[in-house]
Amino acid sequence: QVQLVESGGGLVQPGGSLRLSCAASGSIFMIRAMGWYRQAPGKQRELVAAITTGGSSSNYADSVKGRFTISRDNAKNTVYLQMNSLKPEDTAVYYCNVQALFSEYWGQGTQVTVSS
Numbered sequence: 137q138v139q140l141v142e143s144g145g146g147l148v149q150p151g152g153s154l155r156l157s158c159a160a161s162g163s164i165f166m167i168r169a170m171g172w173y174r175q176a177p178g179k180q181r182e183l184v185a186a187i188t189t190g191g192s193s194s195n196y197a198d199s200v201k202g203r204f205t206i207s208r209d210n211a212k213n214t215v216y217l218q219m220n221s222l223k224p225e226d227t228a229v230y231y232c233n234v235q236a237l238f239s240e241y242w243g244q245g246t247q248v249t250v251s252s
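What follows is the structure in structure tokens.
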């Protein structure tokens, strides 16, 4: 059984930083990409950032470019999201996503709240 364990969410003031982690365990055949999505109240889930297996390609939502950085440790099947210069509009539940050759997996979500 595949598990995605997320950590690192919390409450932070505007301008602050957080680092999210997501560790994937279990039998996952051929991970192709890992990423983060977020969903704010009353809004649709949106892609924040994603990175391919080799780490050679990554993409970001326009709203986070220059502030967030995605990285991964393939040996640990772990993906990270470093979030800097956080804004109140970054407040959302952040979900880890893993795309494998034949399947897709989601984490349970971690709350990020940016507020003074």
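In terms of our numbering, the sequence shown opens at residue 137 and continues consecutively. Even glycine gets a Cβ: it sits at the ideal position worked out from N, Cα and C.
Residue environment, residue i, which counts as buried when at least 16 other CB atoms sit within 10 Å
| i | result |
| --- | --- |
| Asn210 | exposed |
| Glu142 | buried |
| Leu147 | exposed |
| Leu237 | exposed |
| Phe204 | buried |
| Gly162 | exposed |
Residue from the options whose Cα sits closest to the Cα of residue i
| i | options | result |
| --- | --- | --- |
| Gln218 | Tyr241, Gly243, Glu142, Ser153 | Ser153 |
| Gly178 | Val229, Cys158, Gly171, Lys212 | Val229 |
| Val132 | Asn220, Trp172, Gln180, Tyr216 | Nothing about residue 132 can be read from this structure; the chain reaches only from 137 to 252. |
| Glu225 | Thr188, Ile206, Ser194, Arg174 | Arg174 |
| Lys223 | Gly151, Val138, Gln137, Gly144 | Gly151 |
| Ala169 | Phe204, Ser192, Gln139, Ala176 | Ser192 |
| Gly190 | Val184, Gln247, Gly162, Asn213 | Asn213 |
| Gln180 | Tyr231, Gln235, Ser194 | Tyr231 |
Paired residues, beta bridge with residue i - DSSP
| i | result |
| --- | --- |
| Asn233 | Gly171, Trp242 |
| Glu182 | Arg174 |
| Asp209 | Thr214 |
| Thr188 | Ala169 |
| Thr227 | Answer by DSSP bridge pairing: none, since Thr227 is not bridged. |
Extent of the continuous beta strand (DSSP E) run through residue i
| i | result |
| --- | --- |
| Gln139 | 139-143 |
| Asn220 | First-last for Asn220: undefined, no H or E at that position. |
| Ala197 | No beta strand (DSSP E) holds Ala197; DSSP gives it neither H nor E. |
| Arg155 | 154-161 |
| Gly146 | 146-148 |
Proximity test, residue i beta-carbon vs the ligand FAD heavy atom, cut-off 6 Å
| i | result |
| --- | --- |
| Glu182 | As for the ligand FAD, it is missing from this structure, which has no ligand bound. |
At least 3 beta-carbon pairs within less than 8 Å: the region 189-199 vs the region 238-245: no
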